[in-house]
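Q:
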Amino acid sequence: MIAFKSALETTQEAVSLVCEQTGVTGQTSTIGMADPLAITGLILQVIETAGQVYRYCKEVQNADNEIRELFGELFALKAVLEQMSREKQGPLDIQDPKSAQAISSESFRHALLSANGVLKDILDDLMKRHIKGKSFIKQLGWPGKKEKLQDSIVQLERLKSYFILVMVNENSAMDKEVLSSINYLTDLGTLMRQDSQKDLRQKIREWICPFDVEVSHRKARSVCQAGTGSWFIDGPFQRWFRGQEESRLLYLEGKSGSGKTVLCASQKLIHVLGALLAQLSDRFPQTLDVLEPDFRKKSLPSPNTLLQILRSHARELKRLYIFVDAVNESDECEDILSTLLTLAESEYQIHVMVTSTAASVTLSKDDLLRAQMKPSSNQNDIQDFVNAQLETRPSLRYLPPHTKRDITSVLITKANGI
Numbered sequence: 011m012i013a014f015k016s017a018l019e020t021t022q023e024a025v026s027l028v029c030e031q032t033g034v035t036g037q038t039s040t041i042g043m044a045d046p047l048a049i050t051g052l053i054l055q056v057i058e059t060a061g062q063v064y065r066y067c068k069e070v071q072n073a074d075n076e077i078r079e080l081f082g083e084l085f086a087l088k089a090v091l092e093q094m095s096r097e098k099q100g101p102l103d104i105q106d107p108k109s110a111q112a113i114s115s116e117s118f119r120h121a122l123l124s125a126n127g128v129l130k131d132i133l134d135d136l137m138k139r140h141i142k143g144k145s146f147i148k149q150l151g152w153p154g155k156k157e158k159l160q161d162s163i164v165q166l167e168r169l170k171s172y173f174i175l176v177m178v179n180e181n182s183a184m185d186k187e188v189l190s191s192i193n194y195l196t197d198l199g200t201l202m203r204q205d206s207q208k209d210l211r212q213k214i215r216e217w218i219c220p221f222d223v224e225v226s227h228r229k230a231r232s233v234c235q236a237g238t239g240s241w242f243i244d245g246p247f248q249r250w251f252r253g254q255e256e257s258r259l260l261y262l263e264g265k266s267g268s269g270k271t272v273l274c275a276s277q278k279l280i281h282v283l284g285a286l287l288a289q290l291s292d293r294f295p296q297t298l299d300v301l302e303p304d305f306r307k308k309s310l311p312s313p314n315t316l317l318q319i320l321r322s323h324a325r326e327l328k329r330l331y332i333f334v335d336a337v338n339e340s341d342e343c344e345d346i347l348s349t350l351l352t353l354a355e356s357e358y359q360i361h362v363m364v365t366s367t368a369a370s371v372t373l374s375k376d377d378l379l380r381a382q383m384k385p386s387s388n389q390n391d392i393q394d395f396v397n398a399q400l401e402t403r404p405s406l407r408y409l410p411p412h413t414k415r416d417i418t419s420v421l422i423t424k425a426n427g428i
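To get this note's numbering, take the position in the sequence shown, counting from 1, and add 10.
#1: Tell me whether Arg293 sits in a helix, a strand or coil according to DSSP, three-state version.
#2: Could you have a look at Ser366 and say whether DSSP puts it in helix, strand or coil?
#3: Let me confirm a value: Ala44 is counted as buried when at least 16 other C-beta atoms fall within 10 Å, else exposed. Which label applies?
#4: Using only CA atoms, which one of Val334, Phe395 and Ile163 lies nearest to Asp131?
#5: Report the rounded CA-to-CA distance for Arg258 versus Lys328, giving the unit in angstroms.
#6: From Phe305, Ser291 and Glu339, pick the residue whose C-alpha is nearest to that of Glu326; which is it?
#7: Sorted by chain position, which residues of the same chain lie with C-beta nearer than 6 Å to Asn181's C-beta, five sequence neighbours on each side aside?
#8: I'd like the span of the beta strand (DSSP E) that includes Ala381, first residue to last.
#9: Does the beta-carbon of Thr365 have 16 or more other beta-carbons within 10 angstroms, so that it is buried, or is it exposed?
#10: Evaluate Glu401 with the Cβ neighbour count: other Cβ atoms within 10 Å of its Cβ, from every protein chain shown; 16 or more gives buried, anything less gives exposed.
#11: Looking only at its chain, what residues have a beta carbon closer than 7 Å to the beta carbon of Asn338, apart from the 5 residues adjacent to it on each side?
#12: Helix, strand or coil, according to DSSP, for Glu344 in the structure here?
#13: Do the region 343–353 and the region 216–234 meet, that is, are 3 or more Cβ pairs less than 8 Å apart?
#14: Could you pull the start and end residues of the beta strand (DSSP E) that Glu263 belongs to?
#15: Can you check which of these residues, Leu80, Leu330 and Phe118, is closest to Leu1 by C-alpha distance?
#16: Taking Cβ to Cβ, would you say Gly264 is nearer than 7 Å to Ile218?
#17: Counting Cβ pairs, one atom from each stretch, are 3 or more of them under 8 Å apart for the region 240–248 and the region 303–316?
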C-alpha cells in the first residue's frame with residue numbers, strides 16, 4: 011500500500027496543475043461541453059479523465075502498476091495534442107501545408123473520434139464503480155476487469171503514435187509503414203503482457219488451491235454406477251436445484267462408505283474457499299488479480315477476504331452452485347459450514363450442497379434442507395451395483411443364475427446401506 015500511495019502522490023501535482031490551467035475542478039465534468047472533434051476539447055477530456063482516475067484510485071487497493079501506465083499514456087497524449095493545437099493555431103505563413111492537410115483529413119477525424127470514445131469508456135467505467143460504493147471499490151481494487159483497462163491503454167498508445175506521425179509529417183507511404191510497425195510492436199507487447207498475466211494467475215491459482223479438484227472429481231465419476239441415487243436426485247436434490255425450497259443449503263447425511271464419495275477430506279477453510287475461487291476463475295480469470303499482492307508476499311489471504319471475493323463475483327452470475335463433499339472430515343468442519351451458510355443466505359443466488367457423516371452441531375434445522383441416507387434409501391442402488399458387477403466381471407458373469415441370486419441376497423442383507 012505504501013508503494014501505491016507513492017505513485018499517487020507523484021501524479022497529484024500534475025493532475026492539480028492541468029486542472030487549474032484549464033478550469034477543470036474535482037466536482038465538475040467537462041465532457042458534456044467538450045467538442046470531440048476539436049483538439050482543444052479532446053485535451054480537456056484527457057485532463058478530466060486523468061482527474062477522475064486520480065480521484066478513483068485514491069480509494070482502491072493494488073492499483074499501482076495500472077495507474078502509472080494509464081497516467082503515462084494520458085499525459086503523453088495530452089502533450090502531443092497540446093503541441094498539435096499550438097501548431098494549428100500558429101500564423102498561417104509558418105503553418106506546414108502537409109500538416110494542415112493531415113489534420114483536416116478523414117483519418118484524423120476518425121482518430122479524434124476514437125480517442126474520444128476510449129476516454130469516454132474509461133470515464134463510464136469509473137462512474138459505474140463509483141455508483142457501486144466505496145466498500146465495493148476497496149474490496150476489488152483496480153479494476154474488476156483488468157483486460158478492459160489494458161485494451162484502453164493499448165488504444166491510447168496507438169492513437170498517440172498516430173498523432174505523433176501527423177506532427178512529424180512524413181510522406182503517406184512512410185506513415186502507413188511506420189504505423190503498421192507500431193501496431194505490430196504494440197500487439198506483440200500486448201501478447202507478452204497477456205502471457206505473463208496468464209502465468210501469474212496460474213501460479214496464484216495453485217497457491218490458493220494446492221490440490222487438483224478435477225482429478226478427484228474424475229476419479230469419483232469413474233466409479234459411479236449408472237442409475238443409482240435416483241431416490242436423492244429425483245427428490246431432495248431436484249427441489250433444491252430448482253429453488254423450490256426456502257433454504258439454499260442442502261445437507262446430505264449418511265454413513266461413511268454409503269456412496270457420498272470423499273473428495274476433499276481434511277481440508278482447512280482457507281483451502282475450501284481457495285478451491286472454490288480457483289474454479290470460479292475459470293469463468294472470471296481476473297478474480298485472481300486481487301490476490302497478487304498477497305501472493306508476492308507469500309501471505310495467505312484471510313478466509314473473509316476470499317469470501318468477499320466470491321460474493322462480489324457471484325453477483326455477475328444468474329445462479330452459482332457449490333458442492334463440498336465430506337465436510338465432516340475437516341478439522342474446521344463447523345467453520346466451513348458456517349461460511350457456506352453465509353454464502354447460501356446472501357442476496358445472490360448461491361446454492362450450496364454439502365455431504366457429511368454426522369449432523370451439524372452449528373446449523374439448526376431451519377438453516378438447511380436435510381436429506382438423510384438410510385440403509386433403506388440405497389438398497390436398490392446396492393442391488394444395481396452388485397448385479398452390474400455380476401454381469402461385467404469375467405470371473406462372475408458365467409456363474410449359475412441361482413448362485414448370482416444368493417450372492418445378491420447375502421450382500422444386500424449384510425451391507426446395511428454401505
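Beta carbons are placed, not taken as given, at the ideal position from N, Cα and C, and that holds for glycine.
A: Working from what's here:
#1: coil
#2: strand
#3: In this prediction, Ala44 scores a pLDDT of 40, lower than 50, which makes its location untrustworthy; no coordinate-derived value is stated.
#4: Ile163
#5: 14 Å
#6: Ser291
#7: Unreliable placement is indicated for Asn181, whose pLDDT of 43 sits below 50; no coordinate value is reported for it.
#8: Leu379 to Met383
#9: buried
#10: exposed
#11: Ser366, Thr367 and Ala368
#12: helix
#13: no
#14: Leu259 to Gly264
#15: Because residue 1 is not part of the residues shown, which for the chain are 11 to 428, the question remains open.
#16: no
#17: no
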